[in-house]
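Engineer:
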Amino acid sequence: MAEVANDQLRRIAVDIARQAGELAARRRSEGVHIAGSKSSLVDIVTLADQETEAFIRSALADVRPGDGFYGEESGAEVGTTGVTWVVDPIDGTVNYLYGLPDYNVSIAAVEGDPTPETWTALAGAVVAPALGEVYSAALGEGATLNGDPIRVTEHPELTGALIATGFGYDAAKRRRQALVLAELLLEARDIRRGGAAALDLCRVAAGKLDGYFEQGLQPWDHAAAALIAREAGARVTGFDNTPPGRLLTLAANPRLAPLLEAIVAEHSTEM
Ligand code: IPD
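Our numbering runs 25 ahead of the 1-based position in the sequence shown.
1. Report all residues from its chain with a CB closer than 8 Å to the CB of I115; omit the five preceding and five following residues, and keep chain order.
2. What is the residue span of the alpha helix (DSSP H) that R260 lies within?
3. Out of V177, A84 and L281, which one is the CA nearest neighbour of G185?
4. List, from N- to C-terminal side, the beta strand (DSSP E) runs of 3 residues or more that fit wholly inside the region 51-125.
5. Report yes or no: do the region 93-106 and the region 180-196 share at least 3 C-beta pairs separated by less than 8 Å?
6. Since L242 and T274 should fall inside the 8 Å C-beta cutoff, what is the C-beta to C-beta distance between them, to a whole number of angstroms?
7. If we ignore side chains and look at the alpha-carbon of each, how far apart do G91 and P174 end up?
8. Going by Cα to Cα distance, which pick from P154, L210 and G263 is closest to S54?
9. Apart from the five residues just before and just after G137, which ones in its own chain have a Cβ nearer than 7 Å to its Cβ?
10. Go to R200, then tell me how far its alpha helix (DSSP H) extends in each direction, as first and last residue.
11. So if DSSP puts G149 in a beta bridge, which residue, or which two residues, is it bridged to?
12. Less than 7 Å between the CB of L156 and some heavy atom of the ligand IPD, yes or no?
13. Does DSSP classify P283 as helix, strand or coil?
14. What do you reckon, are the CB atoms on L147 and A168 nearer than 8 Å?
15. Buried or exposed: which applies to E256, given that a residue is buried once 16 or more other Cβ atoms fall within 10 Å of its Cβ?
16. Can you tell me which of R201, A222 and H247 puts its alpha carbon nearest to the alpha carbon of E119?
17. What would DSSP say about R236, mapped onto helix, strand or coil?
18. Over the uninterrupted beta strand (DSSP E) stretch that includes I188, give me the two end residues.
19. Which partner residues does I353 have in the DSSP bridge list?
20. For W245, does the count of other Cβ atoms within 10 angstroms reach 16, so buried, or fall short, so exposed?
21. Less than 8 Å between the C-beta atoms of A133 and A38, yes or no?
22. Since A86 and G149 should fall inside the 8 Å C-beta cutoff, what is the C-beta to C-beta distance between them, to a whole number of angstroms?
23. Give every residue of the same chain whose Cβ lies closer than 7 Å to the Cβ of H292, excluding the five residues on either side of it in the sequence, and list them in chain order.
24. On the premise that G232 lies in contact with T178, defined as a C-beta separation below 8 Å, what is that separation, rounded to the nearest angstrom?
25. Determine the burial state of G219: buried for a count of at least 16 other Cβ atoms within 10 Å of its Cβ, exposed for fewer.
26. Check whether the Cβ of V111 lies closer than 7 Å to any heavy atom of the ligand IPD, and answer yes or no.
27. Taking only the alpha-carbon atoms, compute the straight-line gap between F238 and Q44 and give it to the nearest angstrom.
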């Protein structure tokens with residue numbers, strides 16, 4: 026791969042995610058039109074998802090021709106440079122539909138095969154236009170919120186910890202996810218369900234949550250935000266120190282993470 030500074034990729038991700046965020050917010054103010062549903066009736070895709078991803082795809086192709094692309098709405102295209110852009114045009118689609126501000130545009134640059142098990146995330150941006158929040162990170166260079174450095178909390182135990190989680194769109198999986206939640210509620214300070222996985226991870230990064238876990242995530246849900254959380258000092262993993270992915274994405278400071286993982290592992294079943 027041609028040598029590109031990770032910070033340069035970060036700047037590209039931020040710039041395009043900001044513009045895409047403005048487009049999504051504008052379309053939101055004009056009204057939301059549902060284009061269809063995906064895995065289930067609750068898993069919707071809006072016309073704005075599709076338009077925003079098309080904008081991001083074309084903007085990236087202009088500045089980085091030859092890079093690969095892997096987006097939630099329009100699929101994958103293999104590149105020639107070794108860098109692939111992993112994109113969720115609107116993460117938190119249900120919030121977006123209901124006019125809640127917790128939605129974001131998430132763009133990551135990764136190196137290697139575009140699968141979370143093997144890729145190395147080089148840079149990422151998560152832009153939440155309705156919140157005025159721009160999170161970003163470059164590998165080895167730390168993470169920021171609106172330009173200021175961010176850091177995870179140092180809360181060391183589940184007691185007193187504020188933990189976020191999310192649920193997939195499949196009802197059978199939700200039943201199993203509820204079992205983990207029931208146990209966790211007995212231990213933690215409280216639970217949050219924000220509705221946008223990338224923002225949950227970024228809030229761990231910024232110390233606005235102590236931890237987050239979710240089972241069933243897709244690669245674009247966590248590509249950028251997992252790097253942001255890591256660069257802010259979080260341990261971000263799947264089970265048994267594997268890379269984060271569909272089976273589990275868990276983020277917290279290195280003392281809290283194994284305690285959170287243990288309770289999820291004890292009460293969860295195969296997703
Ligand atoms: C969803 C959100 C949600 C999470 C789901 C994701 P989408 O992404 O991140 O918080 O619980 O697992 O699929 O569909 O809004 O892009």
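The beta-carbon is built from N, C-alpha and C at its ideal position, and this holds for glycine as well.
Structural biologist: So, from the listed chains and residues:
1. Position 90 of the sequence shown, counted from the first residue, corresponds to residue 115. Answer for I115: A49, T71, A73, D74, T77, Y121, Y128, N129 and V130, listed in chain order.
2. For the purposes of this step, residue 260 is taken as residue 235 along the sequence shown, with counting starting at 1. Element bounds for R260: not the alpha helix (DSSP H) but the beta strand (DSSP E), R260 to T262.
3. Here residue 185 corresponds to residue number 160 of the sequence shown, with the count starting at 1. Minimum Cα distance to G185 is reached at L281.
4. 59-62, 69-71, 93-96, 100-102 and 108-116
5. no
6. Counted from its first residue, the sequence shown places residue 242 at position 217. Counted from its first residue, the sequence shown places residue 274 at position 249. With a Cβ gap of about 5 Å, L242 and T274 count as contacting.
7. Reading the sequence shown from its first residue, position 66 is the one you call residue 91. Reading the sequence shown from its first residue, position 149 is the one you call residue 174. Each residue's Cα considered, the two are about 32 Å apart.
8. As a first step, residue 54 must be located in the sequence shown, where it is residue number 29. Ranking the options by Cα distance to S54, first place goes to P154.
9. Here residue 137 is taken as the residue at index 112 of the sequence shown, counted from 1. Closer than 7 Å at Cβ, skipping near neighbours: T143, W144 and T145.
10. By 1-based counting over the sequence shown, the position of residue 200 is 175. It spans A196 to E212 - the alpha helix (DSSP H) in which R200 sits, taken as one unbroken run.
11. Along the sequence shown, one-based indexing puts residue 149 at 124. BP columns for G149 point to A133 and A162.
12. Counting from 1 along the sequence shown, the entry for residue 156 is found at position 131. No; taking the cut-off as 7 Å, the Cβ of L156 has no heavy atom of the ligand IPD nearer than that.
13. Residue 283 sits at position 258 when you count from the first residue of the sequence shown. It is helical.
14. Translated into the one-based positions of the sequence shown, residue 147 becomes position 122. Translated into the one-based positions of the sequence shown, residue 168 becomes position 143. Result no, Cβ atoms of L147 and A168 do not sit closer than 8 Å.
15. If you number the sequence shown from 1, residue 256 lands on position 231. When all chains shown are included, E256 counts as buried.
16. Within the sequence shown, residue 119 is the residue found at index 94, counting from 1. At residue 119 the sequence reads Val, which differs from the Glu that was named. Nearest C-alpha to V119: A222.
17. Here residue 236 refers to the residue found at position 211 of the sequence shown. Going by the sequence as given, residue 236 is Gly instead of Arg. Under the three-state reduction of DSSP output, G236 falls in the strand class.
18. On the sequence shown, position 163 is the one that residue 188 refers to. First-last of the beta strand (DSSP E) with I188: L187 to T190.
19. Residue numbering for the chain in the displayed model covers 26 to 296; residue 353 lies beyond these limits and cannot be assessed.
20. Within the sequence shown, residue 245 is the residue found at index 220, counting from 1. Under this definition W245 is a buried residue.
21. For the purposes of this step, residue 133 is identified with residue 108 of the sequence shown, where counting begins at 1. For the purposes of this step, residue 38 is identified with residue 13 of the sequence shown, where counting begins at 1. In this structure, A38 lies closer than 8 Å to A133 by Cβ.
22. Position 61 of the sequence shown holds residue 86. Position 124 of the sequence shown holds residue 149. Separation of the CB atoms of A86 and G149 is rounded to 19 Å, and the pair is thereby denied contact status at 8 Å.
23. Position 267 of the sequence shown holds residue 292. Excluding positions up to five away in sequence, the list reads L204, V205 and E208.
24. Counting from one through the sequence shown, the residue named residue 178 turns up at place 153. Counting from one through the sequence shown, the residue named residue 232 turns up at place 207. About 5 Å; that satisfies the 8 Å criterion.
25. The count along the sequence shown starts at 1 and reaches residue 219 at position 194. Buried, since its Cβ has 16 or more Cβ neighbours within 10 Å.
26. As a position in the sequence shown, residue 111 is number 86, starting the count at 1. Result no, Cβ not under 7 Å from the ligand IPD.
27. For the purposes of this step, residue 238 is taken as residue 213 along the sequence shown, with counting starting at 1. For the purposes of this step, residue 44 is taken as residue 19 along the sequence shown, with counting starting at 1. Whole-angstrom Cα-Cα distance: 29 Å.
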